[in-house]
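Here is the structure we will look at, set down as structure tokens.
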Amino acid sequence: MFTAVEMAPRDPILGLNEQYAADGNPHKVNLGVGVYYDDNGKLPLLECVKAAEEDMMKTPSARGYLPIDGIAAYDNAVKGLVFGADSEPVTSGRVATVQAIGGTGGLKVGADFLKKLSPDATVLISDPSWENHRALFTSAGFKVESYPYYDAERRGVNFDGMLAALNAAAAGTIVVLHACCHNPTGYDITAAQWDQVVDVVKAKQLTAFLDMAYQGFGHGIAEDGAVIGKFVDAGLTFFVSTSFSKSFSLYGERVGALSVLCASKEEAGRVLSQLKIAIRTNYSNPPIHGGAVVAAVLNDPARRAVWEKELGEMRARIKAMRQKFVDGLKAAGVKEDMSFITTQIGMFSYSGLTKDQMVRLRNEFGVYGTDTGRMCVAALNSKNIDYVCQSVAKVM
Ligand code: PMP
3 MFTAVEMAPR
13 DPILGLNEQY
23 AADGNPHKVN
33 LGVGVYYDDN
43 GKLPLLECVK
53 AAEEDMMKTP
63 SARGYLPIDG
73 IAAYDNAVKG
83 LVFGADSEPV
93 TSGRVATVQA
103 IGGTGGLKVG
113 ADFLKKLSPD
123 ATVLISDPSW
133 ENHRALFTSA
143 GFKVESYPYY
153 DAERRGVNFD
163 GMLAALNAAA
173 AGTIVVLHAC
183 CHNPTGYDIT
193 AAQWDQVVDV
203 VKAKQLTAFL
213 DMAYQGFGHG
223 IAEDGAVIGK
233 FVDAGLTFFV
243 STSFSKSFSL
253 YGERVGALSV
263 LCASKEEAGR
273 VLSQLKIAIR
283 TNYSNPPIHG
293 GAVVAAVLND
303 PARRAVWEKE
313 LGEMRARIKA
323 MRQKFVDGLK
333 AAGVKEDMSF
343 ITTQIGMFSY
353 SGLTKDQMVR
363 LRNEFGVYGT
373 DTGRMCVAAL
383 NSKNIDYVCQ
393 SVAKVM
């Protein structure tokens with residue numbers, strides 16, 4: 003039965019992890035995977051999460067099935083975070099939100115729903131993008147193409163190219179946009195450029211699908227969410243996927259959501275009923291624990307304040323590491339101006355290093371990043387930064 007089954011290519015990031023685990027170099031540093039580590043190189047367990055869990059353990063509860071769309075208090079908290087609790091879309095009831103299995107689950111539920119709604123639409127993703135965007139929309143049955151994004155020469159975004167591609171897209175094209183902290187490049191477009199994107203999405207009748215996997219990792223929770231307000235103000239209906247993997251350091255709990263802004267409350271009811279079918283036929287209903295923790299934090303003002311503080315600390319530490327990286331490279335003798343690293347935002351830096359340089363970094367120094375030159379700056383710390391800078395300097 004399985005004689006004709008071909009071996010699928012290895013996931014490039016997970017493959018890197020395996021290679022890293024097998025590396026005997028005592029100085030090895032893993033900058034491959036997109037995970038935030040604290041200054042001791044440890045995955046943090048946030049205080050707000052710990053406190054919520056301790057409270058939950060005081061009155062352990064039985065585990066029945068959740069509703070298909072998840073915990074109502076969680077879905078409401080997500081709406082508030084994404085659109086603003088007092089915003090018109092939320093108070094008028096025209097947002098349909100479902101709990102999902104991570105940000106990936108939110109994207110997939112949205113993709114499955116869209117496939118039923120617009121089976122012939124093309125999906126446009128940024129070039130480059132998070133690898134799973136292409137695979138996920140392809141597996142939902144869509145033709146996936148890309149719009150220009152990274153400008154290697156100017157070290158930034160090829161915004162003219164991006165805008166031209168959106169302008170040339172057929173009505174109904176689904177455009178996947180990174181709401182903030184673009185993965186993998188670390189380059190976001192400016193507020194003024196977002197205005198232009200919103201104008202084109204509206205004029206060309208495109209369907210925006212905003213992937214918000216890093217809300218709060220860029221400039222702040224509200225600041226990073228501001229882009230959503232621009233689409234709302236333009237009177238558009240659109241999709242937003244949310245991930246709490248990074249912002250709550252709850253990677254393995256798979257906590258995410260999908261929100262669809264509709265034209266009316268009545269429309270949101272119909273959309274929600276279809277999202278539920280996509281969930282029901284995939285995994286029936288979401289798991290409880292992660293969603294319950296996030297709801298317990300977001301819906302309690304004191305705990306939420308702790309979360310905002312902890313998220314702010316993660317954000318500040320990444321920024322400080324970017325600066326140390328730039329300074330350290332200079333001190334290690336790199337002549338090239340590397341200050342672009344501090345203009346990037348979020349967990350990643352497109353370092354501009356070539357594949358050969360990245361391979362040398364791995365093989366000779368045990369410093370692991372992807373072949374595209376992407377490094378996770380959220381895994382740098384005061385103990386490994388000097389070694390990373392010296393290693394990078396040697397391969398440059
Ligand atoms: N979108 C982007 C841009 C991401 O970087 C990630 C996580 N690496 C996701 C979605 C998926 O998030 P999750 O792990 O919550 O499924």
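Under the UniProt record's numbering, the first residue of the sequence shown is numbered 3, with each subsequent residue one higher.
Beta carbons are placed, not taken as given, at the ideal position from N, Cα and C, and that holds for glycine.
These figures come from a predicted structure and were not determined experimentally.
| Asked | Found |
| --- | --- |
| Cut-off 6 Å between Cβ atoms - residues of its own chain near A215, not counting five sequence neighbours on either side | G105 and S245 |
| Contact test: N185 Cβ vs the ligand NAP heavy atom, cutoff 8 Å | Judged by which ligands are present, the ligand NAP is missing from the structure shown, whose ligands are the ligand PMP. |
| Candidates R156, D302, L238 and G36: closest to D339 by CA position | R156 |
| Every unbroken beta strand (DSSP E) within the region 308-389, with a cutoff of 3 residues, ordered by chain | 350-352 and 376-378 |
| Beta-carbon proximity of Y151 to V177, cut-off 9 Å | no |
| Whole-number beta carbon distance between Q392 and A322, since they are thought to touch under 8 Å | Going by Cβ atoms, the distance from A322 to Q392 rounds to 19 Å, so no, they are not a contact pair. |
| Cβ-Cβ distance between I73 and I290 below 9 Å | yes |
| Residues passing the C-beta test against the ligand PMP heavy atoms, cut-off 6 Å | G36, G104, G105, T106, W132, H180, N185, D213, A215, S245, S247 and G258 |
| First through last residue of the alpha helix (DSSP H) which encompasses K30 | Looking at the DSSP string, K30 is not in any alpha helix (DSSP H), and its letter there is neither H nor E. |
| Residues of its chain near L47, where Cβ-Cβ distance is below 8 Å and the 5 sequence neighbours each way are ignored | S251 |
| 9 Å Cβ cutoff met for V273 and F115 | yes |
| Option in F233, K311 and L382 with minimal Cα separation from S351 | L382 |
| Burial state of L16 (16 or more Cβ within 10 Å) | exposed |
| Sequence-distant residues of its chain with Cβ nearer than 7 Å to P288 (five each side left out) | L68, G72, Q101, A102 and I103 |
| Same chain, Cβ closer than 7 Å to V111, five either side skipped, listed in chain order | V100, A102, L260, L277, A280 and I281 |
| Presumed contact (8 Å Cβ cut-off) between M349 and A380, rounded CB distance | 4 Å |
| Pairwise C-alpha distance: H184 and R136 | 15 Å |
| DSSP three-state assignment for T303, whether helix, strand or coil | The residue asked about is misnamed: residue 303 is Pro in this sequence, not Thr. Here P303 sits in helix by DSSP. |
| Span of the beta strand (DSSP E), counted from its first residue to its last, around P91 | Taken as a continuous stretch (DSSP letters only), P91 belongs to no beta strand (DSSP E), being part of the alpha helix (DSSP H) at E90 to T93. |
| For residue 2, the first and last residue of its enclosing alpha helix (DSSP H) | Since the first residue of the chain shown is 3 and the last is 398, residue 2 is not available in this structure. |
| Stretch pair the region 59-66 + the region 197-209: three plus CB contacts closer than 8 Å | no |
| Cβ-Cβ distance between V394 and S353 below 9 Å | yes |
| As assigned by DSSP and simplified to three states, the class of Y149 | strand |
| Sequence-distant residues of its chain with Cβ nearer than 7 Å to L45 (five each side left out) | V37, Y39 and S251 |
| T209 - partner residues in DSSP beta bridges | I176 |
| Paired residues, beta bridge with D197 - DSSP | The partner list for D197 (beta bridge, DSSP) is empty, contrary to what the question assumes. |
| Residues near A236 in its chain [Cβ-Cβ closer than 7 Å; skip 5 each side] | V200 and K204 |
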